[in-house]
Amino acid sequence: MELNQIKYFVELARTLNFTRAAEASHVTQPALTRAIQKLEEELGGPLFRRERRHTQLTELGRLMLPPLQRALDSARDARVQADAFRRRETSPLRIGLEYSIPTLVLTPVLTALRRRNSDIELTLREGPRAAICEQMLAGELDFASLVETSDLQERLHRWQMYSERYVLFCPPGHRLAARDAVSAGDIAEECLLMHEDAACPARAFVTELNHVHPTRRHFANSPSQILDMVQASLGVAVEGERLPCAAPLLRRPIAAEPDTRTVILTTVAGRPLGPTAALFLKLMRARAWSLDAPALAAAA
Amino acid sequence: MSLREQLAAMLTLRPERYRSLLRELAERLKKTAEEGVLKPGDPMPDFVLPDATGELVFSDDLLKRAPLVVVFFRGDWCPFCRTTLSALNEVAPDIEAAGASLVALTPDTGDYVNAASSGLGLSFPVVSDVDGATALRFGVTYRVPDALYGYWTGVGIDISARHGDSSHLLPLVATFIADRSGILRFAYASGDITDRVEPETILAQVREMANEVRATDNSC
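Going line by line, the protein sequences match chains Z and X.
Using my numbering, the first residue of the first sequence is number 2, and each one after it goes up by one.
Using my numbering, the first residue of the second sequence is number 5, and each one after it goes up by one.
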């Protein structure tokens, strides 16, 4: 498979017109047609359906377009990325985090980027999923880390980061501290500390997925405020197990179905990324999330 | 026993259905391996890729310790690749002693990159060729035929999950060696998974290239 064949494929997929794609690629139409045929041989089937007046992508063509477009962009930008990053050109990196996803999950990658270029201009924004997605689609954010759901917009490309359990955070000496696992009924009897926005996935896990509605509740607008209140024995909290907490708070597994969530990284499909953002994406995709497991086990 | 003999012996232990799929693939990829792959004299494509420890690896930095050996492998799920990487690991100290360096590229992402590096105790960097863009620029990319993809998923190997996309692209098994100026001096790629460059051949190549550099340095 050759780079030029992919360039022509992407151009033809954009224009759906052999003449215009050949003009835009500065080759003759027969040369473009031959390259597409060779690519079709390599990929094992036709990429386009040629009808009398119309050219359409086949199912294989639709399947191959996004990954080949990404590979082409990466290949094309490799030199530019390396040079710009090396020259320490300021390139913004704007990331949204859905409520309850801790910044800590990004920091190893951000640190690795900073070690190579200290002039990164970073913006982190926490919020509800709808607002974060809206800002990403409006071009105000490059990436968003979200809790995976089935209704994510098609325009957003997604990669799995990690899966984690929801756990109960309680102070030592609490009546549930010695339990191997706690039930929804146990949580209902407690004073529960929750995010004040009902869109927070950790709150939705308790109230919507497990139908737990404790009579005693306190509200805050960040996980750190919530954990501060747990620390002060004002109640217990349910959060993802990767949420960092200072000792001596304890994490206890929750016996619920489902008891896990998957956290994903998303970006707008087809939108070009700046040098820093492109390298951030590579680092995030190559990150070994299971390396955090021993630290989590020790914390539990 | 040479690496190729070891791999050929491993192949005979695989089910006939799998061997037949691999034979068909090797036949289909003959043209790809002959035509599109970079050749000696071509400039090596540069890259910036994340390694198994979460750090960025710049090819420019690696070239400072050239000759640079670049090896493409499919992933630690492939027993033929694991055997090859272990064999390379044995000569890695000699490669380093010759003043050269070695890097291995896989299309795998996430935990799988670290699994290859730590699991095999490799002393050289393993980097994730995210999106397969570097393989594409070296001309070693191919799409796995549906029948073979189906076979692998049937035995629990899901390359889509490992790569983080659904393109089913893999690199040919390939070895390149670049000199200090980033020009390829050695290139070998094959669609036959047992057809790998012997570690001793790689070592002989880098020693010869290192000697040439020393001779040039001494004559100035």
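Just so you know, even glycine gets a beta-carbon here, dropped at the ideal spot from N, CA and C.
In this text, all values refer to a predicted model and were calculated from it rather than measured experimentally.
Exposed unless 16 or more other CB atoms sit within 10 angstroms - verdict on residue i
i, result
"serine 75/Z", "buried"
"isoleucine 37/Z", "buried"
"glycine 114/X", "buried"
"lysine 39/Z", "buried"
"serine 26/Z", "buried"
"aspartate 55/X", "buried"
"lysine 8/Z", "buried"
"glycine 40/X", "buried"
"alanine 48/X", "One point to set straight first is that residue 48/X is methionine, not alanine, in the sequence displayed. Buried, by the Cβ-count rule."
"leucine 17/Z", "exposed"
"leucine 25/X", "buried"
"valine 159/X", "exposed"
"threonine 267/Z", "buried"
"glutamine 209/X", "buried"
"serine 101/Z", "buried"
"histidine 172/X", "buried"
"threonine 110/X", "buried"
"glutamate 20/X", "exposed"
"threonine 2/X", "The question about residue 2/X has no answer, for chain X in this structure spans 5 to 224."
"leucine 105/Z", "exposed"
"valine 81/Z", "exposed"
"asparagine 118/X", "buried"
"glutamate 31/X", "exposed"
"glutamine 6/Z", "buried"
"histidine 227/X", "For residue 227/X there is no data in the structure shown, the boundaries of chain X being 5 and 224."
Assumed close pair residue i, residue j - CB separation to whole angstroms, cut-off 8 Å
i, j, result
"leucine 193/Z", "glycine 140/Z", "Their Cβ separation, rounded to whole angstroms, is 38 Å, which puts leucine 193/Z and glycine 140/Z out of contact at 8 Å."
"leucine 89/X", "leucine 176/X", "So it is not a contact: roughly 16 Å between Cβ atoms."
"glycine 45/Z", "proline 149/X", "6 Å"
"proline 47/Z", "arginine 166/Z", "The pair is not a contact, with the Cβ atoms about 46 Å apart (cut-off 8 Å)."
"valine 131/X", "leucine 188/X", "Not a contact, Cβ separation roughly 18 Å."
"arginine 71/Z", "aspartate 50/X", "So it is not a contact: roughly 19 Å between Cβ atoms."
"phenylalanine 84/X", "threonine 205/X", "Going by Cβ atoms, the distance from phenylalanine 84/X to threonine 205/X rounds to 17 Å, so no, they are not a contact pair."
"glutamate 149/Z", "threonine 263/Z", "4 Å"
"proline 109/Z", "glycine 58/X", "6 Å"
"alanine 191/X", "lysine 43/X", "5 Å"
"threonine 277/Z", "leucine 114/Z", "7 Å"
"glutamate 242/Z", "tyrosine 146/X", "No, glutamate 242/Z and tyrosine 146/X are not in contact; Cβ-Cβ is about 41 Å, not under 8 Å."
"serine 234/Z", "proline 172/Z", "5 Å"
Which residues DSSP lists as bridging residue i, in chain order
i, result
"leucine 60/X", "Pro54/X"
"serine 172/X", "In the sequence as displayed, the identity of residue 172/X is histidine instead of serine. Answer is none; histidine 172/X lacks a bridge partner."
"arginine 160/Z", "The question names arginine, but residue 160/Z is tryptophan in the sequence shown. Leu266/Z."
"arginine 252/Z", "Phe170/Z"
"valine 183/Z", "Ile255/Z"
"histidine 219/Z", "Leu194/Z"
"glutamate 165/Z", "Arg262/Z"
"valine 131/X", "Asp55/X and Leu109/X"
"isoleucine 7/Z", "Isoleucine 7/Z pairs with nothing; no bridge assigned."
Proximal residues of chain Z, C-beta to C-beta of residue i below 7 Å
i, result
"arginine 136/X", "Before going on, a small fix: residue 136/X reads as glycine here, not arginine. Within 7 Å Cβ-Cβ: Ala72."
"tyrosine 146/X", "Met2 and Glu43"
"glycine 143/X", "Glu3"
"aspartate 150/X", "Gly45"
9 Å Cβ cut-off: residues of chain X touching residue i
i, result
"glutamate 165/Z", "Within chain X, no residue comes near glutamate 165/Z; the closest Cβ sits about 14 Å away, beyond 9 Å."
"valine 110/Z", "Pro54 and Gly58"
"leucine 304/Z", "Summary: the structure shown does not reach residue 304/Z, with chain Z confined to residues 2 through 301, and so no result is reported for it."
"arginine 80/Z", "Pro49 and Asp50"
"alanine 83/Z", "Asp50, Phe51, Val52, Phe62, Ser63 and Asp64"
Partner residues on chain X for residue i, Cβ-Cβ distance less than 7 Å
i, result
"leucine 105/Z", "Within chain X, no residue comes near leucine 105/Z; the closest Cβ sits about 14 Å away, beyond 7 Å."
"serine 291/Z", "Asp115"
"alanine 113/Z", "Gly58, Glu59 and Leu60"
"methionine 65/Z", "Ser171"
"proline 273/Z", "Simply none; closest approach about 14 Å."
"proline 117/Z", "Just to set this straight, residue 117/Z is arginine in the shown sequence, not proline. The contacting residues are Leu60."
"alanine 76/Z", "Ala137, Leu140 and Arg141"
"leucine 280/Z", "Val52 and Leu60"
Contact list for residue i against chain Z, beta-carbon separation under 9 Å
i, result
"glutamate 157/X", "First, the amino acid is wrong: residue 157/X is threonine here, not glutamate. Ordered by position in chain Z, no residue passes the 9 Å Cβ test against threonine 157/X, which lies about 16 Å from the chain."
"leucine 25/X", "Simply none; closest approach about 13 Å."
Chain-ordered neighbours of residue i on chain Z, where CB pairs are closer than 8 Å
i, result
"serine 132/X", "Lys283, Arg286 and Ala287"
"aspartate 183/X", "By Cβ distance, chain Z contributes nothing, its closest Cβ being about 19 Å from aspartate 183/X, past 8 Å."
Listed by chain order, chain X residues near residue i by CB distance under 8 Å
i, result
"leucine 17/Z", "Result: empty, since nearest Cβ-Cβ is about 21 Å, beyond 8 Å."
"leucine 69/Z", "Ser171"
"leucine 244/Z", "Those do not exist, as leucine 244/Z stays about 21 Å from chain X at its closest Cβ, beyond 8 Å."
Exercise. With a cut-off of 8 Å, do at least 3 Cβ pairs link the segment 94-111 of chain Z to the segment 131-147 of chain Z?
Worked result: yes
For this session: Please confirm if the segment 172-186 of chain Z is in contact with the segment 279-288 of chain Z, defined as three or more CB-CB distances below 8 Å between the two stretches.
Result: They do not touch, by the three-pair rule.
Exercise. At a cut of 8 Å, does the segment 64-75 of chain X reach the segment 178-196 of chain X through at least three beta carbon pairs?
Worked result: The count of Cβ pairs closer than 8 Å, one atom from the segment 64-75 of chain X and one from the segment 178-196 of chain X, reaches three, so the stretches are in contact.
Problem set entry | the segment 147-165 of chain X / the segment 94-109 of chain X touching (three or more Cβ pairs under 8 Å) | no
Exercise. Hey, is the segment 147-156 of chain Z in contact with the segment 113-128 of chain Z, meaning 3+ C-beta pairs nearer than 8 Å?
Worked result: Contact fails: fewer than three Cβ-Cβ distances are below 8 Å.
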